[in-house]
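Structure first, then comments.
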Amino acid sequence: MKQYTLQSIFLAFCALLALPGMATAATVFTDTFDSGAGTWAESGSYNSISVVDDSSGIGSGNALTGDVSGSVNALTNGFSSTTLSSIGDSITLSFDYRWTATGSATSRAPAFGLYNTNATGSLDDDFGYQLETNPADVRLSYEFGTQNTILAGSDTDLLETTLWNDYLGVNGNFSMTLTRIADSNADSFDDVNLSFSFIDYATPANNLITSTIDTENQTFTFNEVAVRSGNRDFYIDNVAVTTIPEPASVLLLLGAFGLLAVSGRFGRKR
Ligand SMILES: [Ca+2]
Ligand SMILES: [Ca+2]
Ligand SMILES: [Ca+2]
Ligand SMILES: [Ca+2]
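Okay, so the sequence shown: first residue is 898 according to the working numbering, each after it adds one.
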């Protein structure tokens, strides 16, 4: 009997080991600009946006390019409302981005985020998590949607500042992941872990990864992606929003399967 008890423990251990690999990502939004400019909405200071072949730049065929006329601008697009309903659920925004030329440092080129439209068409009340790049740092913030428009204004709760040089943003992949985590400050509300990564395609030594935890703002539902490009013309491609649900159902299934297997063996033994 004892060997089967050990076997059941071993099976349970194997099931736990297998869990991370079984959490598959679901894509809730993607745009490679192969079929045009899609449904992106431009707001603020744009002369124009258009789709062009950027094989020689980002290197993924068509990209969206923006000719900006001022520093306050945003491209926005919607996706099916996604809620981080369980601890461990996450949502990731990823895209490739480059400037049209190197130049002097500028703020919020890019800035981007995952937002909630607040059930209105106006961008002024949208709230969510944003990352902004600046001449000497990147900042992770929560934006309340109470001042100015999306990705603009001082309606932010600054969560993390990390040093960097914004010339790094000439050509690379930006991503931000929001993960619902257990309450870490004993206020009885779950928290959000924000992680950011920048991969510089030309100079890997410039890559940057940073993260922080938001314990103040309980926002877990998102339905909008937004990108701002400061006062700098840009190209953007391969925009993707993916979610990873906590595999609670998989855990239950594996547990049940393990019990059945063990009880079956006990049955035959008897
Ligand atoms: Ca493309
Ligand atoms: Ca709104
Ligand atoms: Ca704002
Ligand atoms: Ca909390």
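No residue lacks a Cβ here, since even glycine has one placed at the ideal position from N, Cα and C.
None of these values were measured; they are calculated from a predicted model.
Please state if the CB of residue j and the CB of residue i are separated by a distance shorter than 8 angstroms.
| i | j | result |
| --- | --- | --- |
| Gly985 | Phe1119 | no |
| Ala1099 | Asn1068 | yes |
| Asp1034 | Thr1059 | yes |
| Gly963 | Val948 | no |
| Phe1086 | Leu981 | no |
| Gly967 | Ala1123 | no |
| Thr1107 | Ile988 | no |
| Asn1031 | Ser1004 | yes |
| Gly958 | Asp931 | yes |
| Phe976 | Ala1137 | no |
| Ile1078 | Asn1090 | yes |
| Thr973 | Ser940 | yes |
| Tyr1064 | Ile955 | no |
| Glu1121 | Thr979 | no |
| Tyr1012 | Asp1021 | no |
| Asp951 | Asp1134 | yes |
Who are the near neighbours of residue i in its chain, counting only those whose CB is closer than 6 angstroms to its CB and skipping five residues on each side?
| i | result |
| --- | --- |
| Met1073 | Leu990, Leu1028 and Phe1093 |
| Thr997 | Asp1130 |
| Gly935 | Asp928 |
| Ile1096 | Gly1069, Asn1070 and Asn1104 |
| Asn1114 | Tyr1039 |
| Ala922 | Thr1139 and Ile1141 |
| Asn1128 | Ser968 and Thr1003 |
Answer yes or no: the CB of residue i versus the heavy atoms of ligand 1, is any distance below 7 angstroms?
| i | result |
| --- | --- |
| Asp964 | no |
| Phe1117 | no |
| Thr929 | yes |
| Ala960 | yes |
| Ser957 | yes |
Residues in the same chain with beta-carbon distance under 7 angstroms from residue i, minus the five sequence neighbours each way, listed in chain order, please.
| i | result |
| --- | --- |
| Ser1146 | Caution is warranted here: a pLDDT of 49 is assigned to Ser1146, below 50, making its placement in the model unreliable, and the coordinate value is therefore given only provisionally. Excluding positions up to five away in sequence, the list is empty. |
| Phe910 | Low local confidence applies: a pLDDT of 49 at Phe910 is under 50, so the model's placement there is unreliable, and no value is given. |
| Leu1055 | Arg1036 and Ser1038 |
| Thr1043 | Asp1052 |
| Tyr1126 | Reading off the sequence shown, one finds Ser at residue 1126, where the question assumed Tyr. So the qualifying residues of the chain are Gly963, Val965, Asn970, Ala1006 and Pro1007. |
| Ala1102 | none |
| Ala1049 | Val969 |
| Ile1047 | Ala971, Thr973, Tyr1012, Leu1020, Asp1023 and Ala1123 |
Sorry if obvious, but does the Cβ on residue i come closer than 7 angstroms to a heavy atom of ligand 2?
| i | result |
| --- | --- |
| Gly941 | no |
| Gly1050 | no |
| Asp1022 | yes |
| Asn1015 | yes |
| Ser982 | no |
| Gly975 | no |
| Gly933 | no |
| Ser947 | no |
| Ser978 | no |
Could you check whether the Cβ of residue i sits closer than 7 angstroms to any heavy atom belonging to ligand 5?
| i | result |
| --- | --- |
| Gly954 | Ligand 5 is not part of the structure shown, which contains ligand 1, ligand 2, ligand 3 and ligand 4 as its ligands. |
Beta-carbon within less than 8 angstroms of residue i's beta-carbon, same chain only, minus the 5 sequence neighbours each way: which residues are those?
| i | result |
| --- | --- |
| Ser1081 | Asp1088, Ile1110 and Thr1112 |
| Tyr943 | Gly963, Asp964, Val965, Ser966 and Asn970 |
| Ser945 | Gly963 and Asp964 |
Residue i: beta carbon under 7 angstroms from a heavy atom of ligand 3?
| i | result |
| --- | --- |
| Gly1042 | yes |
| Asn1045 | yes |
| request: Would you list the residues whose beta-carbon is nearer than 5 angstroms to any heavy atom of ligand 4, in the order they occur in the chain? | output: Residues whose Cβ lies closer than 5 angstroms to any heavy atom of ligand 4, listed in chain order: Asp1080, Asn1082, Asp1084, Phe1086, Asp1088 and Thr1112.
| message | My parser needs the beta strand (DSSP E) runs of 3 or more residues fully inside the region 992–1028; what are they? | response | Entirely contained in the region 992–1028, the beta strand (DSSP E) runs reaching 3 residues are, in chain order, 1008–1013.
| request: Could I get the ranges of all uninterrupted alpha helix (DSSP H) runs contained in the region 955–994, with 4 residues as the minimum, in chain order? | output: Within the region 955–994, no alpha helix (DSSP H) run of at least 4 residues lies entirely inside it.
| Can you give, in chain order, each stretch of the beta strand (DSSP E) that sits fully within the region 1087–1141 and has at least 3 residues? | The DSSP assignment places 1088–1097, 1105–1111, 1118–1125 and 1131–1141 as complete runs of the beta strand (DSSP E) inside the region 1087–1141, in order along the chain (cut-off: 3 residues).
| Can you give, in chain order, each stretch of the beta strand (DSSP E) that sits fully within the region 1035–1083 and has at least 3 residues? | When DSSP assignments are scanned along the region 1035–1083, the uninterrupted stretches of beta strand (DSSP E) that are 3 or more residues long and fall wholly within it turn out to be 1053–1060 and 1068–1078.
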